[in-house]
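Let me begin by presenting the structure, written as C-alpha cells, before commenting on it.
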Amino acid sequence: MWNIKLIKNILLYFDTSALVKEFQVGISSSLVSKISSTCRNDIQIISSIWTFNEIISVMDKISQKINEKTGMFKISNNDIKKIISTIVERMRTISNENTILKFVYLDHNIVTDSRILTKDFHLSPTDAIHMFTGYAYDCNYFVVHNKHFINQFPFKKYARMKIIDLTNENDRKLLEKELDL
C-alpha cells in the first residue's frame, strides 16, 4: 500500500489544526496532549509530512498577533523555536516503529487522488491532502480543529473515518471515551 508499516489497532489522523492544538492553551489542547503522550501499544497517530510546512505558516501568523490583555505578541520567537524543534524531532522518528506519532510521506497516488476531493468537494488542496491521506491509511478517526473544513467534509464517501471536531465538546468526549483515556 503506502510507504509506512502501520500495525496498530486504532489509527488517528491528525490534521495540522489538531497538531497545533497541542502547543496552544485551550479546551481541546488537553485532549490532544493526552492522546499524544499516551504509551498505549494499540494507538497510532499519523499525519502527513505536509503538516510541517503548514505549522510554520501557522506559527508565523500567530507570531504577528498581539495579545489584547498583555500587549505582547501571542507567541514569542523562543516559543516558535521550541515548537518547530519539537516537530522536527518528531519527524526524525518517521522510521521508528515505537513512536505514537508518525509522519507519512506524500506519494504520487495521494497527491493525485486528493485532487479529486478538491474538484468534487471544493476542499482546499491542503485539506484534500490531509483527508485523502487519512483515508488512504485506513484511519479510524480524522481529528481536526477547523470548522470550515468540517462543514465541507464528504461524510458519506469517507464514512469509515469518524471525524472528530475538536471544537465540539461531544466529539472530544466521544473520542476520549472510545480511546478509554
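Throughout the sequence shown, residue numbering follows my numbering, covering 36 to 216 in sequence.
Glycine included, every Cβ here is placed at the ideal spot set by N, Cα and C.
On a predicted model such as this, the values are computed, not experimentally measured, just so you know.
Across the structure, Tyr172 and Asn205 are spaced so that their CA atoms are roughly 25 Å apart. Short of 6 Å from the beta carbon of Ser149, and not among the five residues preceding or following it, lie these beta carbons of its own chain, in chain order: Ala163, Ile164, Phe167. The shortest CA-to-CA distance from Met94 to any of Ser120, Ile78, Lys69, Ser82 is the one to Ser120.
C-alpha of Met107 to C-alpha of Ser98: approximately 10 Å in a straight line.
With contacts defined as CB atoms closer than 7 Å, Ile90 and Ile135 fail to qualify as a contacting pair.
Across the structure, Ile101 and Lys109 are spaced so that their CA atoms are roughly 5 Å apart. The residue from Val55, Ser64, Ile70, Lys182 with its alpha-carbon nearest to that of Lys212 is Ile70.
When C-alpha distances from Asn76 are compared across Thr51, Leu46, Lys208, Ile145, the shortest belongs to Leu46. Close CB contacts of Ile115 within its chain, under the 7 Å cut and outside five residues either way in sequence, are with Met94, Ser98 (chain order). Taking the C-beta atoms as reference points, Val139 is found no nearer than 7 Å to Ile78. The Cβ-Cβ distance between Val178 and Phe49 falls below 7 Å. Secondary structure of Ser149 (DSSP, three-state): helix. Approximately 14 Å separates the beta-carbon atoms of His180 and Thr161; this is outside 8 Å, ruling out the contact. Cβ neighbours of Asn175 within its own chain (closer than 6 Å, five residues either side excluded): Ile45, Leu46. DSSP, read as helix, strand or coil, puts Asp142 in coil.
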